[in-house]
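Enquirer: Attaching a single structure in structure tokens format; questions to follow.
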Amino acid sequence: MHAMSVALPKCGGHFIQMEDEISGISVSLGASMSGTKSMTASSGPGISLKVEQIGYSFMAEIPLVIADVMRSGPSTGMPTRVAQGDVNFLRHPIHGDFKAVALAPANLEEAYTETVRAFNLAEMLMTPVFLLMDETVGHMYGKVQIPDLEEVQKMTINRKEFVGDKKDYKPYGVAQDEPAVLNPFFKGYRYHVSGLHHGPIGFPTEDAKIGGDLIDRLFHKIESKQDIINENEEMDLEGAEIIIIAYGSVSLAVKEALKDYNKESKQKVGFFRPKTLWPSPAKRLKEIGDKYEKILVIELNKGQYLEEIERVMQRKVHFFGQANGRTISPKQIIAKLKEL
């Protein structure tokens, strides 16, 4: 954060330190409505404080990137200690019906590239997008190769804008698989922004069909783009007898463990990592569950993503996890593999 506060102004950006988490996300929403790409960040307790505005962002379709650097919980937990305990929380952090998007960077390079992707998805889908990093990724430092600025600019996606007659502008009057088209404030296009169920120009309504269609669209705009949203990493699946599923910093320990294990063991182990946690890569997970008998899920929690994996695969799988504020080591992973 300190580095960003220095770097952003040099690139034409702004870094604002607000008095608390609630005002931080509120200012971010206002900046986004004015056409600026905006983000806010905290850890679990701070995200808990932001949830009312997160709900507003989902309903009003305001693009925003929200970084959650997960630490141990519940409540204050163990500050600066690692966990992946917010996985289920950020699937559904608020009341009501909607579809969330959450990305899980696993290393320094992805902390950069997945932030770019998070902004692109937020602008494309007009929705908040979560960057779900654990504390280990959040505190990493070192040398990393990242795309140059020109390459990033080429891959950048900006939100759509309506350019027709102002009297015809209906930001929420779009197809059922499309996001709202919210022109930035101060450009002369008038519309209402509300957390209430609303019609084509944003004014509140209690009409059952209009309200139902709105909620359906919040689902369909995500579901129809899932092939774009979901990204995974797969390693050594061909011919494997065991498949490990992990994400975030745990994936680094898995890769380190498999360097030696696959050389020495008669059982070949493959690795699957969802880079997009929500919506889950359900189709690919089901294919893996149908093809491979032994599945091992490893998490820094008590099995939050395990629940989704078993739901999709429609069967029980093996699990190893801990929630004690400490990382999972390659030695622990190898020991668990030897039990299978």
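Under this note's numbering, the first residue of the sequence shown carries the number 18, and numbering increases by one thereafter. Don't be surprised by glycine CBs; every beta carbon is placed ideally from N, CA and C.
Taking the CB atoms as reference points, tell me whether G320 and G338 lie closer together than 8 angstroms.
Expert: yes
Enquirer: Please state whether the Cβ-Cβ distance between I345 and L323 is less than 8 angstroms.
Expert: no
Enquirer: Within the same chain, show all residues whose beta-carbon is closer than 6 angstroms to that of F75, passing over the 5 residues directly before and after it, in chain order.
Expert: Correct list, in chain order: F115.
Enquirer: Take G212 as the anchor and find which of A123, G228, A299 and V286 has the nearest alpha-carbon.
Expert: G228
Enquirer: Under DSSP, the alpha helix (DSSP H) around F75 begins and ends at which residues?
Expert: V68 to A77
Enquirer: Measure the Cβ-Cβ separation of E36 and G63 and say whether it is below 8 angstroms.
Expert: no
Enquirer: With distances taken from CA atoms, which of A299, A352 and W295 is nearest D277?
Expert: A352
Enquirer: Three or more C-beta pairs closer than 8 angstroms, one from the region 225 to 241 and one from the region 265 to 284: is that the case here?
Expert: Contact between the region 225 to 241 and the region 265 to 284 is absent, because fewer than three Cβ pairs lie under 8 angstroms.
Enquirer: Going by the beta-carbon positions, is the gap between A340 and G155 smaller than 8 angstroms?
Expert: no
Enquirer: By alpha-carbon positions, which one of A100, G205 and L81 ends up nearest to S89?
Expert: Of the candidates A100, G205 and L81, the one whose C-alpha sits nearest the C-alpha of S89 is A100.
Enquirer: Quick one: is A117 buried, meaning 16 or more other Cβ sit within 10 Å of its Cβ, or exposed?
Expert: buried
Enquirer: M172: buried (16+ other C-beta within 10 angstroms of its C-beta) or exposed?
Expert: exposed
Enquirer: Between the alpha carbons of D253 and D244, how many angstroms are there, rounded?
Expert: 22 angstroms
Enquirer: Express the C-alpha separation of I315 and F334 in angstroms, rounding to a whole number.
Expert: Looking at the sequence itself, residue 334 is Val, so the reference to Phe does not match. For V334 and I315, the distance between alpha carbons rounds to 11 angstroms.
Enquirer: If you count every other CB in all the chains shown that lies within 10 Å of the CB of E178, and 16 or more means buried, which is it?
Expert: exposed
Enquirer: Would you list the one or two residues that DSSP bridges to K311?
Expert: Answer by DSSP bridge pairing, in chain order: I259.
Enquirer: Residue ranges of each alpha helix (DSSP H) run of no fewer than 4 residues wholly in the region 133 to 162, ordered along the chain?
Expert: Here the runs fully enclosed are 152 to 155.
Enquirer: Using DSSP's beta-bridge definition, name the partner residues of V286.
Expert: For V286, which the question treats as bridged, DSSP gives the partners I259.
Enquirer: Here's the rule: buried if 16 or more other CB atoms are within 10 angstroms of the residue's CB, otherwise exposed. What is A113?
Expert: The amino acid occupying residue 113 in the given sequence is Gly; Ala does not appear at that position. The residue is exposed, with fewer than 16 neighbouring Cβ atoms inside 10 Å.
Enquirer: Would you call the region 54 to 69 in contact with the region 80 to 95, where contact means no fewer than 3 C-beta pairs closer than 8 angstroms?
Expert: Yes, the region 54 to 69 touches the region 80 to 95.
Enquirer: Is it true that the region 104 to 111 meets the region 160 to 169, where meeting means three or more beta-carbon pairs spaced less than 8 angstroms apart?
Expert: no
Enquirer: To which residues does DSSP link M35 through a beta bridge?
Expert: The partner list for M35 (beta bridge, DSSP) is empty, contrary to what the question assumes.
Enquirer: According to DSSP, simplified to helix, strand and coil, what is S59?
Expert: In this structure, S59 counts as strand in the three-state DSSP scheme.
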